[in-house]
Every structure is written in C-alpha cells, then in structure tokens.
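**Student:** Residue numbers (this note's numbering), protein chains in the order written: chain A, 1 to 679; chain B, 680 to 1014. Ideal Cβ placement from N, Cα and C applies to all residues, glycine included.
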Amino acid sequence: MSRFRVFSSAFFAVLAASPLAVAAQSTATNSPVPLSTRVTSYEIDAHLDTDKKSLDATEVLTYKNLTGQPLTSVPFHLYLNAFRPESTFTSETHFTGGIRDSEKADDYPKEKLGSIAISKIAADGFGDLTGATRFTAPDDGNMQDHTVAEVTLPHPLAPGATITFRLAFHDQFPLSIARNGYKRDFIMGGQWYPKPGVFWHGAWNCHQYHSTTEFFSDFGTFNVHLTVPQRYVVGASGVPTGNRANADGTKTLDFYGEDIGDFAFAASPHFTVTDGIYNGSMGPVQVHVLALASHPKAGPRYRDIIEKTLAEFDRRYGPYPYKIVTVIDPEPGSQIGGMEYPTLFTGETGWWEPSYMTEMVAEHEFGHQYWYGMVATNEFEDAWLDEGINSYTEVNVLSSILGRDTSLLDRPYANAGDYEEQRFTYAMMPDFDPVTHWAFKFRNAASYAGVTYGKTATLLATLESIIGRDTMDEAMRTYFMKFRFTHPTTEDFLRTIEQVAVSRGRATVLPAGDPALAVAVGYADVPPVNSSLRPYFNQAVYGTQVLDYAVDSVSSSPVRWWEPAPGDKNAKNQIPYRSTVYLHRKGDFVLPVTVEIVFSDGARLRDHWDGVERWTKLTYIRNAKVVSAEIDPDHAILLDKDFFNNSFTTKANTVPAGKLTTIWAAAQQLFAQLLTWMV
Amino acid sequence: MTQQRNLLTGGLRLTLQSWPALVWTYVLNLGLAAFFTFPLRAQIAGITVHSLASQRLTGAFDLGTLAGVMGKLSDGPGAAVGSTYFSIPIYFVLYFLIVPGALVCYQTGSSAQLFPLLQSGFAYFWRLVRITLVSLVIAGPILAGLNALDSLWSAYLDKHILGRPGFLLGSAGLVVVLLVAALLRVYFDLMQVYTVQLGLQAGSGEKAGRQIRRAFKPAWKALFGNFFRTYLTFVLLTLVGLAAIFFTARMAMHSMAQPRVWPMFLLAQTGLFVSLLTRFWQRGAETILALDNPIPIEAVVVAEVIVVEVETAPTPAQAEEDKDASSDGAEEFSI
C-alpha cells in the first residue's frame, strides 16, 4: 500500500489543476489534501429512462497506472450482466442460495433480466478497443457469465502513465434483485457502470459477481451528470452540485464525489426529504434522508439514528470526513434494502415497524462507510473484514444508543439485543467455514451469513473480553486511522490488534518457534507481532473450532458421610461438606475460562481453568453446599455456542419451561379451534 | 305461522342449558394440548430448569434466550415438537363427535354429559363428515376464486397504493373473503342442524345420505328467509370470539415477562374458552333458527304414514305408492 501513497500527491496535483475539480472543490471537497490515493477519475453523463427502466450513458474514465509495472490489459466489472440465468451469480443463487434472493424456481422471470452492454470503448492514444474486449471468467471459467470483460491494450501502459477510456454503454435494470434494479417506479442504480478491477498484490483482482459476494474497487473521483424526469427525486453518492431543468421535461442533476470507490444513485417520484446536521470532528455532515411518502415516520427515525451513530463512530473509531451521508428508503418488497455505497446507503423499514430493525439496518449500513467505504477491504476475499467488523461495531454502537439487551426490541413484555441475534446466526452454522474463506467459497449462503456476520461479531466481542474493552476500542481506532483509504488484509487487522494489546500489556509476545505461530498467513503491511493472542486467532479466525464449555454436575456431601445427618437445620449448616464441580470442554476450541461457585452461605468464589484437558474437577471443603456453578459468569465469552450448559444451579426453576409450554399449548388449542371453525 | 325468536338470546340460552357440551369440548382440547405438549415441556425443562441462563426467561422474556432454547430443541431429533401436533387431529375427531351430540341436546333438551354426547355423536359422526366433504367441494372453489381475486387486488395495491392505506385496503379484501367464508360456514352449520333434526324425526330408518340431501333446501330457506338476523348474529359472534382471542392474547403477551406462569395461562385460556363459547353460541342460534323453521312437509307425511300403518295394515301396493311419494319428496330436495 505504501507505494500507492508515493504517487498520490502527484496524481492529486494533476487532478486539482483541472477546471472541473476547482469548481467542485468549492462545494464538495473533503479535505485540502486528498485523503486517498486516487487511482481513477470518472466523468459520466447518464440518461435514465424511467419507463423502460434503462439507462444510456457515456463514461470518461481516467486510470492512473500506480502498479509499478507496465499493464497490457485492463479488466472491467460488468455487474448487471449477473442478472441472467446463465450467469455464475444466478447459478449459485439457484443451487446454494443467495443472501437476498433464492431463485429456486425452475424458470427465470423475464422482468428479472438485467444487462450492461458496452457499445463502444476507446482510449486516448490507444484507439478503438471495442474489438479488443472479451468476456473472461477468472473464478470458475463460466464463459457465459459476462460479469467481467477484459480490454487488451495494443501497447503496454507504462508505470506512472495515465490512460483515458471513453465508453458508451446501455443498462437494462432488472426487477429488483440483489441490491439492484427497479421496484414500481423506484430505480436503484448500483454497480451500474463499467468499473475496472483493482491491481492488488501484483496482479489484477477482478472477480466475477457471485451470489454472496460484494465489491472491491480503487479510490477516485466521480463527476456524474444524471438526466431524469423532472418529477423524480434523486439521491446519489457524493455531493449534489447542480440541477438544471431541460426543455424536454427532464432535468440534469450533477454530483461530485472524491475519495470514494463507487457511485450509486436512487430515484423515485415518491421521496420526501428529511435533513439533519451532525457537527463532527471534521466539520458539519449533512444527514440527507430520502424516505418514501408512504413511510411517514421513516425520515425522522433514519435521521435520528444516523446522527447518534455518527457521534458514536466519531468518538470510538475516527472522524467521518465526507460532507454528506444520504439515506435511501427503498420501495417495500424490493431486494434493495440494507445496502451500502460510498456516502449513500439504503435502509429498510415499513409503515409500521415497532422494533428497532429500522435503526439496526440504518446503523449497519452507515457503519460500512467506515468498514468498506474508507477501510476498503476486498469484499470478495475478506468479507469478514467489512461485514463482520461492521456487525461487531454495530452491536457496540447500538448497545450504547439503545441498550445492550434492548437494541433490537424494547417492549415491556419482551426484549432482544442485537448481540444475541449475531450470536444466534453464528450458532446455527458454527463450523463449516472459517471467517477467512473467500465469500464465494463458503458451503452455502447460510454458512456465509452465519460465519461472516454472526461469528465475526461474536468472536470480536469475545476478544474484547480477553483484552479489555478499552484496548479493543483503541485497537479498532488505530486500525481505522491507519488503514482508512487503503485496502488492508486479514493480517493487517489482526496484527494491529496484537500491537495495541501488547503495548497495553493485555497480550505478550510469544517466543519464536511457539507452535501457535505455525499457521500460514497472507499478505500484510504490518510486520508480524506473534503475540499470545495467536492461539485465539488460529482457532476463532483461521479455524473452525467450536467453543462449548459445560458444567456437567454439581454435588455436595458431608465430609464425614458415615455419621448420621443432624436433624436440626442450623446444625446441618455447621458440618463440613465436600463439594465437587465437574467442568467439561465439549467443543474443540481451547480457551481459559473463569468459573464462579456460589455456596449456600452466600459466599462466592471464582476459579480458573485453562481448558486444555477435556474435563476438570473442582473440589471444595466448606461448611456450606454448592448452590450453583457458572462458567463465564460475566457472560463475556459470546463465542460459547451453548449458554445453557454453562451453569448448573441446584435450585430448580420451572418458570421458563412453564411459560414456553403454556404458549405452545395455547397455540395448539387455538389452531385446533380455528381448524374446526373452518371445516 | 313460524316463530321468530331472538337468535342471540335463544342461542345463548341453549348453550348455557347444555353447558357440559361446551365445557367438555374445551377440557378435551386443553387436555389433549397439555398431554401432547408434555414431552416438549420435559425437553425444555431439561435445558432450562438447572441453568442460570434461563433466568432471562423468568423475570423477563428475552427473545435471544428463547431463540437459544429453540436452537437447542432443533439440535436433537425434534420428536417432542413433532408429537405435539397429534393433539390437533384427535381433537378434530372428538369435535366431530361432540358437535352432533350438542346439536341433539340443543334440539331435544337431553343431557349434555359426555357419555350421551358421544353416544349421539357416534350416531351422526359420518353424516357430519359427509357434510364437511360436501362443504369442501362447494366452498373450496368459491373461496379459491375469491382468493385469486384477492391476490389480484393485493397485486394492484402493491403497484399503486402503499403504506397504511394499502394495508387497510388489502385487509378489506381479506375481510370480504372472510365474510363470504362466514356465509358458507353458517349455511353448512344449518345443514348440520337440519340433518340432526331429520335424524331425530325419522329415527334410524332413513338413510344418512338422504337426510343430508334433504337438509340442503331447508337450510337454504332458513338462511335466506332470515338472512340479515342470521348472518349478522353469526358474524357478530365470530367477531366477539376473535376479539376475545385478540385481547386476551395481548394481555397474556404483556404478562410474559412476569416471573410466574399462571397469569399468562389464565388469560390465554380465558380467550380460548370465550372463543369456543361463541362458537357453541352460534350453534345454539342456528338451532333456534332451525327449530323456528322446521322441516314441515316430509315430517308430516312420514308421521301420517306411520299412523296409517298402525291403524290399517297397508296392502303391498299401497306401501309401494307411499314409498314412491316419499321418493318424490326426496327428489324435490335433492341437488
């Protein structure tokens, strides 16, 4: 990554010299100096046909070769071509499930067909390249996929040189599918233009679109001019910089964004605007909500949670440097809700929504401005670094705002915390895949979701309990500040945590040759730390071990068991008891644990077990019986798959079973009565 | 001249007079649910009784903990959950025995204790099964067609009207379907009442199938001759039953977080009992209607024939003529 920084100042100087950039800076510049290494610069002029749900555009793409080597070809993502039955995306969705749409039916609806066609591509100094463009399929060889096309250059692009592509393309948006397309008269333009891959670690990184994957792209600037019917309201990445009415009943809207890696827009005639301002540590941020008129409460709800979330992120992890964040409230029943793009995201709500799902989705998607937008990890290969870390910060931020146990539902009769939802999704699919699997190599969509989101959030919360919340917060902040506007890897993240933990005395450096260091690791900018956290990382991050500790049994008997038991109750409390507690490591994940023993005289004591053996026995001689034993009494090891077997109390509590069976039996009765009414 | 008694008060009076039928039905439903839920209770207790983690379901109702219990239940073979469903078909069969028994009690004032109820129930069981099959054949296409129209309506709303207005208009479509379903329900309820009435009049000599066929027309005449009061009574009682379920369920839900089970149990059972009461009340109202609009012609003819048979022994030819006359009458009511 450091080599990118070498070129950044020079590249910015070229860009800043253009009249366009000067004009845009007046309203939309994030910072006096570029925040990112701007590899790409887009100038797109697009006309949206809201009747045909299609778009025609021209694109001028300036690409700076910062790879340090000559380039002979440039691959482009053509994501909209995924929405065809022949594509890898649709095939995977059909056979192993998708995180948004299952497409299990044996026919592919015509209205769900989408496409992007490049009618012409040329490059200044390279001539017409249309004939030199061909589809490739680097992941699975499916030549019918068409989500990646490679342009072969007639002569190499020298290191440090710039190439300006000039493209004309046509989009056909599908009926909403996987973050994209239209629903009623709402249109979401996501991944809608030809976008080059990222030259990363010595090679082009340009994966096909898969059922579970998201995206990866270089930072750059975007100047987009979007022509739409005048009745439409549009939200887009970047800052609105112009609005011109045209004679044909349309209007052209201008948007400018810098230090962002992608550009998306949403258009609807039914948007109502709710604005707010958050005064952050890098200046005011406009919270710009475009909510559907049919969701009258959505605008204020989105605005309030995002203002609070901005404050939490600013305090915990670092500043939000952009001038705006736009919240899109998509049409109900679409596949478009809950998706992130730079400075813009889609929420998910309804006209009646009594839980905090609206807030949870909004917070999560905003969090991606940090974990994906700025810390721009490769979502194809390291999905856990954006979705997982974001789920972890989501739990913490929502806990601060809405309460730990009430951040999903807070009603007098029931409650639910976001961390529980994350833990539950992990517990459903705990051990098929490590979190570091490439997103499209998971067993299926359920394993991808359970591990990438749920397990990562849970394992980082558990790590927080090991190294302490303050240390973890500092590590996260360090990671964000160091790697924002770059493309870090798994090891960059883990080593940053190790560095901070060691510096704060919450971890130690292992001696060379320690078996825990044997796990092969990938590329990283951060040098190895090799701390005592490695055994945890090896199991929780790189491994599929399942953590499950149990209290097998608790018993107390008089030490002098052969003597008659005293009849008097007080006398019973005066004799010594030998109490035994058996602990059991049921899973293959080894982690030291704390056990709290409570005695009948009210005394509490804590013991520790390294958990290396499969089981252990704790014995106590005391003038009191054991009342309960509990592993992880602070409830911090969320990675433990089963909380119920973590404790044993001699005081039987039949209320939970009574409640649940009462509900179940009443439901049975009701169903039986309704059935006899019907027939 | 036929009587026009108040269906609501008359129906309630019949229901209360034969209260054991209602109570037995409720008790059997509760008993079956409790019996078949017992293994599930044991399985849940195995997870929660000695675990401190389950305390979040004692003084609170934590959905995450609940999800954990459900997850653990699904870890095993799941037999306990599956076996609970057996209560429904068994209740279904018992209901088909008790309801005709209750209808006999309503019409004759006889004892509604369990044994006589079941005794009558066995006599009419297959007749009710046949009526149910007929109702499925007739109501099925009607409701399927309405359901298709409702789907079109929903699709239209989905395209054009969203939010709260869309929800309310969509609900209105569903209400229309339910109102038609209620109309069909009250008609086939009346068929059941008239079938029992015919059975009581004709004794065991008449074939069950013929009684069912003969019940079509009087049920139709009684319903549409007294349409508004009959239908409104039925719909009103249905709404009362649904409201009882809704409000008690809501109150029960609000007691879920209490560290005790009985408030939730009592509230839920109150709602279920009131709902069942309104169903038996509907049966009572329908019986009142049928008693006020009895099947006159065929019953009188049969009675006269019996009297003639006793007083003067008929010749075989006369008997044949009587039989033909009876058959003609049957055709008049057949479909």
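What's the C-alpha gap between E348/A and F366/A?
**Tutor:** Going by the C-alpha atoms only, they are around 13 Å apart.
**Student:** Is A802/B near A791/B, with beta carbons less than 8 Å apart?
**Tutor:** Cβ distance not < 8 Å, so A802/B and A791/B don't count as in contact.
**Student:** Are the C-beta atoms of S766/B and some chain D residue less than 8 Å apart?
**Tutor:** This model lacks chain D altogether, as its protein chains are A and B.
**Student:** The segment 277-298 of chain A: which residues have C-beta closer than 8 Å to a C-beta of chain B, in chain order?
**Tutor:** Answer in chain order: L292, A293, S294, H295, P296.
**Student:** Closer than 8 Å between beta carbons: that is the criterion. Which residues of the segment 929-959 of chain B meet it against chain A?
**Tutor:** Listed by position, the residues of the segment 929-959 of chain B near chain A (Cβ gap below 8 Å) are A931, M932, H933, S934, M935, A936, P938, R939, V940, M943, F944, A947, Q948, L951, S954, L955, R958.
**Student:** Give the range of the alpha helix (DSSP H) segment to which M357/A is assigned.
**Tutor:** That run of the alpha helix (DSSP H) goes 357-367.
**Student:** Is there a Cβ of chain B sitting closer than 8 Å to that of N65/A, yes or no?
**Tutor:** Not one chain B Cβ lies under 8 Å of N65/A.
**Student:** Have a look at L226/A and E59/A and give me their C-alpha separation to the nearest angstrom.
**Tutor:** When rounded, the distance between both Cα atoms is 12 Å.
**Student:** Are L618/A and V595/A close, meaning C-beta to C-beta below 8 Å?
**Tutor:** Closer than 8 Å, so yes.
**Student:** Looking at Y873/B and A969/B, is the spacing between their C-beta atoms short of 8 Å?
**Tutor:** Yes, they are a contact pair.
**Student:** Taking only three categories from DSSP, how would you classify S31/A?
**Tutor:** Three-state DSSP puts S31/A in coil, outside helix and strand.
**Student:** Which same chain residues end up closer than 7 Å to G832/B when comparing Cβ atoms and leaving out the 5 residues on each side of it in sequence?
**Tutor:** Here residue 832/B turns out to be Trp, not Gly, going by the sequence shown. Within the same chain, W832/B has close Cβ partners G852.
**Student:** Where E990/B and G878/B are concerned, what is the direct C-alpha to C-alpha distance, given to the nearest angstrom?
**Tutor:** In this predicted model, E990/B has a pLDDT of only 43, less than 50, meaning its place in the structure is not dependable; the value taken from the coordinates is given anyway. Spanning the two alpha carbons is a distance of roughly 24 Å.
**Student:** In angstroms with no decimal places, state the Cα-to-Cα distance between L847/B and R423/A.
**Tutor:** Cα to Cα, the separation comes out at about 37 Å.
**Student:** Verify whether the separation of the beta carbon atoms of V627/A and F644/A is less than 8 Å.
**Tutor:** Result no, Cβ atoms of V627/A and F644/A do not sit closer than 8 Å.
**Student:** Check I118/A in the structure and name its three-state DSSP category.
**Tutor:** I118/A: strand per DSSP, three-state reduction.
**Student:** Can you tell me whether S281/A is buried or exposed? The criterion is at least 16 other CB atoms within 10 Å of its CB, across all chains shown.
**Tutor:** Result: exposed.
**Student:** Considering T680/A, what are the terminal residues of the beta strand (DSSP E) in which it resides?
**Tutor:** An answer regarding residue 680/A cannot be provided, because it is not within the stretch 1 to 679 covered by chain A.
**Student:** Can you check which of these residues, A518/A, T471/A, T489/A, P511/A, is closest to R504/A by C-alpha distance?
**Tutor:** Checking every option, the nearest Cα to that of R504/A belongs to T471/A.
**Student:** Locate the beta strand (DSSP E) running through F76/A, then write down its first and last residues.
**Tutor:** It spans 71-77 - the beta strand (DSSP E) in which F76/A sits, taken as one unbroken run.
**Student:** Can you tell me whether DSSP reads Q937/B as helix, strand or coil?
**Tutor:** If DSSP states are grouped into helix, strand and coil, Q937/B belongs with coil.
**Student:** Measuring alpha carbon to alpha carbon, tell me which residue in F480/A, D49/A, Y453/A is nearest D248/A.
**Tutor:** Of F480/A, D49/A, Y453/A, the residue nearest in Cα terms is D49/A.
**Student:** State the Cα-Cα distance for the pair P284/A and L310/A, rounded to the nearest angstrom.
**Tutor:** Those two C-alpha atoms are separated by around 11 Å.
**Student:** Does the distance from the C-beta atom of K569/A to that of A427/A stay below 8 Å?
**Tutor:** No, the pair does not count as a contact, with Cβ atoms beyond the cut-off.
**Student:** Tell me whether L782/B sits in a helix, a strand or coil according to DSSP, three-state version.
**Tutor:** Here L782/B sits in helix by DSSP.
**Student:** Quick one: any contact between the segment 351-366 of chain A and the segment 296-303 of chain A, if contact means 3 or more CB pairs under 8 Å?
**Tutor:** The segment 351-366 of chain A vs the segment 296-303 of chain A: in contact.
**Student:** Using a C-beta cutoff of 8 Å, does S18/A count as contacting chain B?
**Tutor:** Residue confidence is low: S18/A scores 44 on pLDDT, short of 50, so the model does not pin down where it sits. Its coordinate-derived value is still stated next. Answer no: the Cβ-Cβ gap between S18/A and chain B never drops below 8 Å.
**Student:** Quick one: is K659/A near chain B, going by C-beta distance under 8 Å?
**Tutor:** At least one chain B Cβ lies under 8 Å of K659/A.
**Student:** Report back the beta-carbon spacing between Y448/A and A439/A to the nearest angstrom; my notes put them in contact at under 8 Å.
**Tutor:** Confirmed, Cβ separation roughly 6 Å.
**Student:** Given this structure, state the Cα-to-Cα distance separating Y356/A from S54/A, to the nearest angstrom.
**Tutor:** The alpha-carbon atoms of Y356/A and S54/A are separated by roughly 35 Å.
**Student:** From the beta carbon of F656/A, is the nearest beta carbon of chain B less than 8 Å away?
**Tutor:** It should be noted that the sequence gives Pro, not Phe, for residue 656/A. With 8 Å as the cut-off, P656/A counts as an interface residue toward chain B.
**Student:** List, in order along the chain, the chain B residues whose C-beta lies closer than 7 Å to that of G347/A?
**Tutor:** Within chain B, no residue comes near G347/A; the closest Cβ sits about 15 Å away, beyond 7 Å.
**Student:** Since I believe T346/A is in contact with G333/A (beta carbons under 8 Å), could you give me their beta-carbon distance rounded to a whole number of angstroms?
**Tutor:** Not quite, the Cβ-Cβ distance comes to about 13 Å (not below 8 Å), so this is no contact.
**Student:** One question on the structure: do Y542/A and L460/A come within less than 8 Å of each other, judged by their Cβ atoms?
**Tutor:** Cβ atoms of Y542/A and L460/A: not closer than 8 Å.
**Student:** What is the residue span of the beta strand (DSSP E) that S268/A lies within?
**Tutor:** Residues 265-268.
**Student:** Can you give the Cα-Cα distance for V813/B and K896/B, rounded to whole angstroms?
**Tutor:** Each residue's Cα considered, the two are about 14 Å apart.
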